[in-house]
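Here's the structure, in structure tokens; my notes come after.
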């Protein structure tokens, strides 16, 4: 039947159905594989999300428990013989605990026999952190229980007296131990609304729901706030259906749970995953779970399958069109063979034309052989054309290079000539530098001798100045002794003046007494007058001596000052002479260095002179070589012009053939 059909119909009836069948099988396989992979990945991702959130909830409680344990240790340390000596310390601890932990709404201390000894309670309210009144404290403690727990414990959310009536509170208890004995409990009230807000906003994988359940199956956090604080049996029967007992058993026994079932409330298959949440040392783990509708998980897979089916339909239509075009394309070469043979028979030299080859019949063999001949000729002509073009380009490049080389050789020859002249000038300069270096070395040697003489002179001057300084020291000592002696003389003169004054006074008294005696005392009065005259002369002489002594002391002080200044000056001169000697030493070392450098310069200039002579001889050789290279460049330029003319003639011959 296929033998009577055209070529394009044969292709349509054979290729199109087979392609459609293979594509449908591929789509089905991709859908099943994608569904299984998506479910597995969703389960792994959901488990990771659940465990991460459970760990974060555990960490949330661990923070509060850690603060409570630290406070419990502080309470135990404050106990004296098992009793609190001062409730104020406990009040401060509870107040600090609430201030530092905003997630806490209440904190209390519950000792044994709380009814007898009393308990302490602090609450967080609108006015801040404050101690609870006695009547409110009794109602609160009655609600949470007065029994002392021997291990950490946690309760499900509840409403407590004294707290916000709209907020549920989670009760945590931490035992206070002293020497291994329970001496009371530290209680905490955690605001459950924080957990509710945290869990309610979770959307696992973008479509799921999350919930947190206490050990007694009471909901702690749920997307529906109305269900928080109620038992699962009251709220989740419509969602879990027959799986409600299984869920409650897993929550109460702290076991993980993995379920896949059709939810009565949602009317579709859901995937439920729950893990236990350990809370401190309570021994009553809670449970965190998520629910994922499988339609949301497989929505992408179904959309992919639909897209693949649509793509398959479009591909079938496209394939039919391609097959029709392919049939026409297969028939077209037969007409091309006839047309190509006619063109070749007309004698056109188009080596780029080819006969279409289809099948293995004689016509195809002829077309194949003729195409081979055309290809060989085309390749040969193309190679000749490319060679001629390359030869022409090479000749042009060679001509440009030869011209550039000639110019470069000429420039090099000129530069070498200039360099030779410069080298001769440099040789003369080097000889002059060598002579100057020798003169500098001789001058440094003479300077070295002069500095040595100056250094000896400075040394002698320094010794003389030092000797003068010693003499000035002795003169200073003698002038100081002279000053002290003049001071002593002044003291003696003062004593003499006092004696003269006293003698004058005594003579005056004697004259008075002799006047009283009358004639009997006249002789005594004469003696008294003589004594008074002698006392006046003594006093006058003493005054003269005092003036002389004062002048001597003044001159002595002046001499002492001048001697001290001379001594200071001589000391400064000694220091200056020492510095001058040190400077001459440094000058001697520097002159030695200059002498060595001058000798090195002289040696280097001699070597440079020899090198410059050798370089001058080499430049002469280079100049000769440059002249020879210039002549060779002219010959190369002439040969390149001949080669360029030959390449032009060859290119004109090849252009007569038409090729690709």
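In the UniProt record's numbering, the protein residues as written are 1 to 660.
Don't be surprised by glycine CBs; every beta carbon is placed ideally from N, CA and C.
Item to check | Assigned exposure category for residue 222 - 16 Cβ within 10 Å defines buried | outcome: It is buried - the Cβ of residue 222 has at least 16 other Cβ atoms within 10 Å.
Checklist entry - Exposed or buried, what is residue 512 when buried is set at 16 or more other beta-carbons lying within 10 Å of its beta-carbon? => result Residue 512 counts as exposed, since fewer than 16 other C-beta atoms from the protein chains shown sit within 10 angstroms of its C-beta.
Checklist entry - Nearest to residue 445 by alpha carbon, out of 100, 95, 129 and 593? => result 593
Next on the checklist: Just to confirm, is the Cβ distance from residue 567 to residue 473 under 8 angstroms?
Outcome noted: yes
Next on the checklist: With DSSP as the reference, identify every bridge partner of residue 258, one or two as the case may be.
Outcome noted: Within the DSSP bridge table, the entry for residue 258 names 273 as partners.
Checklist entry - Is residue 404 helix, strand or coil when you go by DSSP? => result helix
Item to check | Separation of residue 588 from residue 414, as counted between CA atoms | outcome: 51 angstroms
Checklist entry - Ordered along the chain, which non-local residues of its own chain (more than five positions away) have a Cβ less than 7 angstroms from that of residue 86? => result Excluding residues within five positions, none has a Cβ falling inside 7 angstroms.
Checklist entry - Do residue 462 and residue 578 have their C-beta atoms within less than 8 angstroms of each other? => result yes
Checklist entry - Where does residue 111 sit, in a helix, a strand or coil, going by DSSP? => result coil
Checklist entry - When burial is assigned at 16 or more other CB atoms within 10 Å of the CB, is residue 277 buried or exposed? => result Classification for residue 277: buried.
Checklist entry - Buried or exposed: where does residue 453 fall if 16 or more other Cβ atoms within 10 Å of its Cβ makes it buried? => result Exposure of residue 453 is indicated by the presence of fewer than 16 other C-beta atoms within 10 angstroms of its C-beta.
Item to check | Beta-carbon spacing of residue 93, residue 64 below 8 angstroms | outcome: no
Checklist entry - Between residue 229 and residue 106, which are expected to be in contact by the criterion C-beta below 8 angstroms, what is the C-beta distance as a whole number of angstroms? => result Actually they are not in contact, since the Cβ atoms of residue 229 and residue 106 sit about 17 angstroms apart, beyond 8 angstroms.
Checklist entry - Where does residue 266 fall in DSSP's three states? => result coil
Item to check | Contact under 8 angstroms by Cβ, residue 272 with residue 294 | outcome: no
Checklist entry - Rounded to whole angstroms, how far is the Cβ of residue 121 from the Cβ of residue 132, which I believe are closer than 8 angstroms? => result 4 angstroms
Item to check | Residue nearest to residue 199 in terms of C-alpha spacing, selected from 96, 54 and 460 | outcome: Of all alpha-carbon atoms in 96, 54 and 460, the one lying nearest the alpha-carbon of residue 199 is that of 54.
Item to check | Runs of beta strand (DSSP E) lying entirely within the stretch 196-225, each at least 3 residues, in chain order | outcome: 209-213 and 219-221
Next on the checklist: Looking only at its chain, what residues have a beta carbon closer than 8 angstroms to the beta carbon of residue 617, apart from the 5 residues adjacent to it on each side?
Outcome noted: Excluding residues within five positions, none has a Cβ falling inside 8 angstroms.
Next on the checklist: Do residue 238 and residue 264 count as a contact pair if the criterion is CB distance below 8 angstroms?
Outcome noted: yes
Checklist entry - Looking at the unbroken alpha helix (DSSP H) that takes in residue 137, where does it start and where does it end? => result 134-144
Checklist entry - With a cut-off of 8 angstroms, do at least 3 Cβ pairs link the stretch 543-560 to the stretch 477-489? => result yes
Checklist entry - How many Å lie between residue 187 and residue 59 at the Cα? => result 19 angstroms
Checklist entry - Pick from 113, 143 and 162: whose alpha carbon is nearest that of residue 702? => result Past the boundaries of the shown model lies residue 702; the chain is included only from 1 to 660, so the question cannot be answered.
Checklist entry - Going by Cα to Cα distance, which pick from 45, 125, 244 and 232 is closest to residue 166? => result 125
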